[in-house]
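This report concerns only the one structure given below.
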Amino acid sequence: KDAAEMSLKDIDQLAKSSFPLCMRHMLDKLRENHHLKHGGRMQFGLFLKGAGLKLEDALAFWRAEFSQKIGSERFDKEYAYSIRHNYGKEGKRIDYTPYSCQKIISATPSVGDHHGCPYRHFGEENLRAALNKMGVGGHTLEEIMDKVKNRHYQLACTLTFETTHGVSCDSGINHPNQYFTESQKVLRA
Ligand code: SF4
Numbered sequence: 003k004d005a006a007e008m009s010l011k012d013i014d015q016l017a018k019s020s021f022p023l024c025m026r027h028m029l030d031k032l033r034e035n036h037h038l039k040h041g042g043r044m045q046f047g048l049f050l051k052g053a054g055l056k057l058e059d060a061l062a063f064w065r066a067e068f069s070q071k072i073g074s075e076r077f078d079k080e081y082a083y084s085i086r087h088n089y090g091k092e093g094k095r096i097d098y099t100p101y102s103c104q105k106i107i108s109a110t111p112s113v114g115d116h117h118g119c120p121y122r123h124f125g126e127e128n129l130r131a132a133l134n135k136m137g138v139g140g141h142t143l144e145e146i147m148d149k150v151k152n153r154h155y156q157l158a159c160t161l162t163f164e165t166t167h168g169v170s171c172d173s174g175i176n177h178p179n180q181y182f183t184e185s186q187k188v189l190r191a
């Protein structure tokens with residue numbers, strides 16, 4: 003199978019093995035609330051597109067969650083357009099690019115939003131818990147929290163990548179899709 007293609011049924015497993023924390027968090031929240039606000043749909047939707055989720059699968063993915071809350075009719079009416087739009091199939095037909103870490107870190111999520119960068123936007127306790135859930139603890143966790151305190155969010159994410167994959171990532175993490183690709187490279191090797 004082409005490494006640049008993501009199939010619908012693999013999303014949860016890929017999230018566990020290869021999504022950066024920002025995208026894991028949004029998948030969790032989407033599964034939990036069957037909804038994501040605009041900022042989240044953009045950040046997560048474009049990431050999934052960049053990771054190889056095809057338009058038809060993207061529509062099925064969002065519809066499956068949203069319809070549990072608002073029904074599939076309302077989903078088709080109110081949300082399907084913006085998903086096709088992200089894929090350049092509506093409006094000005096621009097093929098939108100997934101957001102970089104820099105852009106995500108400089109976002110200003112409000113209450114009820116789940117986009118943004120956890121290293122930048124989570125409180126300390128939540129971040130520690132989220133990292134624990136990824137199997138990060140002990141000395142490495144303290145090192146990561148140190149980077150966060152010094153506002154080196156991408157370095158904190160890089161360190162997380164390195165410790166969860168057991169490799170060094172000399173280029174550093176600068177894009178969630180780069181995180182995903184590098185992870186798949188390591189795991190498929
Ligand atoms: Fe996502 Fe980038 Fe933040 Fe990592 S540093 S969690 S990839 S935005």
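Going by the working numbering, the first residue of the sequence shown is number 3, and it counts up by one from there. The beta-carbon is built from N, C-alpha and C at its ideal position, and this holds for glycine as well. As the structure is a computational prediction, the values presented were derived from the model and not from experiment.
Beta carbon of L48 nearer than 8 Å to that of Y83: Not closer than 8 Å, so no.
Distance between beta carbons of L23 and C159, contact taken as under 8 Å: About 7 Å separates the two Cβ atoms, so the contact holds.
Per DSSP, the bridge partner or partners of M8: M8 pairs with L55.
Close beta carbons around Y181, own chain, < 8 Å, minus the five adjacent residues each side: The answer, listed in chain order, is S20, F21, P22, C159, F163 and I175.
Contact under 8 Å by Cβ, H116 with K31: Yes, these two residues count as a Cβ contact at 8 Å.
K3 in three-state terms, based on DSSP: Residue placement at K3 is poorly supported in this model, since its pLDDT is 45, which falls under 50; the coordinates are not used for a value here.
Residues of its chain near E145, where Cβ-Cβ distance is below 8 Å and the 5 sequence neighbours each way are ignored: Around E145: L161.
Cβ contact (3+ pairs, closer than 8 Å) linking the region 90-100 and the region 41-60: With a cut-off of 8 Å, the region 41-60 and the region 90-100 count as touching, because enough Cβ pairs lie within range.
CA-to-CA distance, L55 to K3, given in whole angstroms: The predicted model places K3 with a pLDDT of 45, which falls under 50 and marks its position as unreliable; any figure quoted below should be read in that light. Answer to the nearest angstrom: the Cα atoms are 13 Å apart.
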